[in-house]
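2 protein chains.
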Amino acid sequence: MNTKQIISEIKEKQPNIKSVVFVGCGASKADLYPAKYFLDGNAKKIRVSHYTANEFNYATPEAVDDTAIVISASLGGTTPETVEANARAKAKGAHVISLTRSIDSPLTKDADYVIYHRFAESYGAKLEKMGYCLELAMEILDQFEGYDNYEDMKEGFEKIYNLADNAAASAKLYAKKFAEDYKDAPVIYVMSSGATHEVAYATSICLMMEMQWINSGTFHSGEFFHGPFEIVDKDVPFILLMNDGRTRNIDSRALTFLDRFDAKTTVIDALDFGLSAEIKKSVIDYFNPMLLSAVFRVYAEELSIARQHPLTKRRYMWKLEY
Amino acid sequence: MNTKQIISEIKEKQPNIKSVVFVGCGASKADLYPAKYFLDGNAKKIRVSHYTANEFNYATPEAVDDTAIVISASLGGTTPETVEANARAKAKGAHVISLTRSIDSPLTKDADYVIYHRFAESYGAKLEKMGYCLELAMEILDQFEGYDNYEDMKEGFEKIYNLADNAAASAKLYAKKFAEDYKDAPVIYVMSSGATHEVAYATSICLMMEMQWINSGTFHSGEFFHGPFEIVDKDVPFILLMNDGRTRNIDSRALTFLDRFDAKTTVIDALDFGLSAEIKKSVIDYFNPMLLSAVFRVYAEELSIARQHPLTKRRYMWKLEY
Chain A
1 MNTKQIISEI KEKQPNIKSV VFVGCGASKA DLYPAKYFLD GNAKKIRVSH
51 YTANEFNYAT PEAVDDTAIV ISASLGGTTP ETVEANARAK AKGAHVISLT
101 RSIDSPLTKD ADYVIYHRFA ESYGAKLEKM GYCLELAMEI LDQFEGYDNY
151 EDMKEGFEKI YNLADNAAAS AKLYAKKFAE DYKDAPVIYV MSSGATHEVA
201 YATSICLMME MQWINSGTFH SGEFFHGPFE IVDKDVPFIL LMNDGRTRNI
251 DSRALTFLDR FDAKTTVIDA LDFGLSAEIK KSVIDYFNPM LLSAVFRVYA
301 EELSIARQHP LTKRRYMWKL EY
Chain B
1 MNTKQIISEI KEKQPNIKSV VFVGCGASKA DLYPAKYFLD GNAKKIRVSH
51 YTANEFNYAT PEAVDDTAIV ISASLGGTTP ETVEANARAK AKGAHVISLT
101 RSIDSPLTKD ADYVIYHRFA ESYGAKLEKM GYCLELAMEI LDQFEGYDNY
151 EDMKEGFEKI YNLADNAAAS AKLYAKKFAE DYKDAPVIYV MSSGATHEVA
201 YATSICLMME MQWINSGTFH SGEFFHGPFE IVDKDVPFIL LMNDGRTRNI
251 DSRALTFLDR FDAKTTVIDA LDFGLSAEIK KSVIDYFNPM LLSAVFRVYA
301 EELSIARQHP LTKRRYMWKL EY
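Line by line, the protein sequences give chains A and B. Start counting the first sequence at 1; every next residue gets the next number (full-length UniProt numbering). Start counting the second sequence at 1; every next residue gets the next number (full-length UniProt numbering).
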């Protein structure tokens, strides 16, 4: 069943959907963000919220009932908090859709609908979790409220995976340079805006802290001037994931400041990878996070090589009960 | 006009309010979070969103029209992005309520309603921005959908400011110890959960990065195990703002892990300051951020003294155009 059919079947069961609740942990939580951002910005009736799974479990929103769609994600399908969130959502009568790459994993148990995505096959495949979730959001908006740019979005989905794959392949040399420049950085900040806000977040808490044990902080680039910019000094390392879309000016303003004070800045700019040549302006905002995720993955891989610290190396995860 | 009268007048003008949008920057954005969290968790019909002001300006949500209430905040009332957000909201017909301490400041120009709060007078006064915003959220919920715990909340508001003032006063010795222990820390992480999530955020980006130029990162304590915890090692400095309420288990789980690996952990626990003796269990979640903000302010003050770095010291703010 594709995303359109899933939403259409839910609508037959419950024409009066009031809330969409996105639930996940870590990178899987962040992968839900573009869909959440899309609905926040475009819906006029449907409520939208986004929780780390245990927040959902311990303080379950009142709106979770048979008028709610709960969309959850877990790469391996075993994240205990997210599995529990599905059970709670189901017990309250919500329509549960889950994204995972693992057939019959625990996450699928209480899901009414499961969307399987790929991951390891290619840079593009790594984006399917984020992309299918955004497709679900698009279907929800279109089927329950109507969406004028539906065809432009559909066309975007046909192009983004290849575009991201090609962008990632073309980024290797820049990524090697980044890795050499940042391999000894004691701390690295990551920021972005718009739909890409939580790609910056995942880059910071997963790629930097979890997978490289590098100290890191992250914030929306619009928040940069309201606190974080006072940390800027010569050689303080920043990564700016720069959007080609409505919030570009927010990212640019931060970049101008970083350059003015000689911060050690790495910019990954969607404009450089031809996003606007392939994706219509009406919907380009929502495709930035996919492109920028794919490109930054190459940067993280090169960093792990330069630091001789594999991305899969862990101190605690997979080794302990906690 | 008090918060009840403001919402009642808006309801007379527009009985069909569909969305509440919270807009601010930095600490003022974070001060709106408990209200946003309250509505996310308790409303069943009203849509809720929360933006840093330039995100709202460059990608204004479609729902901003005469069925929306926009609630904005700026301490001095001059934050340019937030002032502009008010103008945009007003131009689209939204009902604009603003919180500031500065009479007739630019923020008040396009606000239909202004709530003035105090700030410098006491630790309790610093909480009024957050508290009045939460009161607005409570009134919106009660008047548009009904709220069973309204009287418990009202009673909480009568007690929280004094309670927070007393808690702050009693924290001084612990705060001095913290300041001695953390004054040379190269990086400090801050986390919390529930309604207090963005108190942790503001502590990190404002009190640490902006006001002390200390490297810092922040995340929800439920996210700790999904990335950030791999940074934990002996003596890595963490601050945990611990809630007395439904999400306490999330904070406790993080604390257990930090203790197990001898991280340098400072816990500020709402339980220690008697929150549950004064605030009813039905609504206690929403008062944690006020209490914990007041107490941590004392910690930040002591840190600034130990580091001989006043909280008002800036490199860029107030000194440059940017």
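We treat Cβ as the ideally placed atom computed from N, Cα and C, and that holds for glycine.
Check	Outcome
Given A:K36 as reference, the closest of A:V267, A:E198, A:E302, A:N249 once Cα atoms are compared	A:E198
Contacts around A:R47, its chain only, beta-carbon distance under 8 Å, and the 5 residues preceding and following it disregarded	K18, S19, V20, A63
Separation of B:I10 from B:S170, as counted between CA atoms	41 Å
Segment contact flag, the stretch 214-224 of chain B with the stretch 44-60 of chain A, C-beta cutoff 8 Å, min 3 pairs	yes
Integer-rounded CB distance, given that A:L311 should sit under 8 Å from A:E301	7 Å
C-alpha gap between A:V190 and B:G245, whole angstroms	32 Å
Test item: CB-CB of B:D66 and B:Q143 under 8 Å	no
Inter-residue Cα distance where the pair is A:A125 and A:K177	25 Å
Rounded separation between A:F287 and B:N2 - CA only	44 Å
C-beta contact flag for B:I160 and B:G194 at 8 Å	no
Beta-carbon spacing of A:T196, B:A59 below 8 Å	no
A:I7, DSSP secondary structure in three states	helix
Interface residues of chain B facing A:N149 [CB-CB closer than 9 Å]	Chain B residues near A:N149: none, gap ~11 Å exceeds 9 Å.
A:H95 at chain B interface by Cβ criterion, 8 Å	no
Straight-line gap, B:K4 to B:L32 (C-alpha atoms, nearest Å)	18 Å
Beta bridge counterpart(s) of B:I97 as assigned by DSSP	B:I71, B:Y113
Residues bridged to B:L241 (per DSSP)	B:I268
Closer than 8 Å to chain A by CB, B:Y316	yes
Buried versus exposed call for A:G93 [16 or more other C-beta atoms within 10 Å across all chains shown]	exposed
Residue of A:M138, A:E128, A:I71, A:L134 minimising C-alpha distance to A:T108	A:I71
Residues from the stretch 272-295 of chain B in contact with chain A, defined by Cβ distance under 7 Å	D285
Contact residues within the stretch 158-176 of chain A, judged by C-beta distance below 7 Å to chain B	none
C-alpha distance - B:V114 paired with B:M211, whole-angstrom precision	28 Å
6 Å Cβ shell around B:G217 - same chain, five flanking residues per side excluded	Y189
Interface residues of chain A facing B:A43 [CB-CB closer than 8 Å]	R47, E62, A63
For B:V295 and B:G156, the rounded distance between their alpha carbons	18 Å
Classification of A:P289 by the beta-carbon crowding that lies within 10 angstroms, buried from 16 upward	buried
Residue nearest to A:T266 in terms of C-alpha spacing, selected from A:Q308, A:A185, A:M317	A:A185
Length at least 3, wholly inside the stretch 33-84 of chain B: the beta strand (DSSP E) runs in chain order	47-52, 68-73
8 Å Cβ cut-off: residues of chain B touching A:E230	M209, E210, M211, W213, R314, R315, Y316, M317
B:A59 at chain A interface by Cβ criterion, 8 Å	yes
First through last residue of the alpha helix (DSSP H) which encompasses B:Y322	Per DSSP, B:Y322 belongs to no alpha helix (DSSP H) and is neither H nor E.
Closer than 9 Å at the beta carbon, the chain A residues around B:G77	Residues of chain A passing the Cβ test: none, with the nearest at roughly 15 Å.
Residue span of the alpha helix (DSSP H) that contains B:I250, given as start and end	248-260
Chain-order list of residues whose beta-carbon lies under 6 Å from that of A:A200 (same chain, five-residue window excluded)	V190, M191, S192, T218, L241
Interface residues of chain A facing B:V199 [CB-CB closer than 7 Å]	Residues of chain A passing the Cβ test: none, with the nearest at roughly 14 Å.
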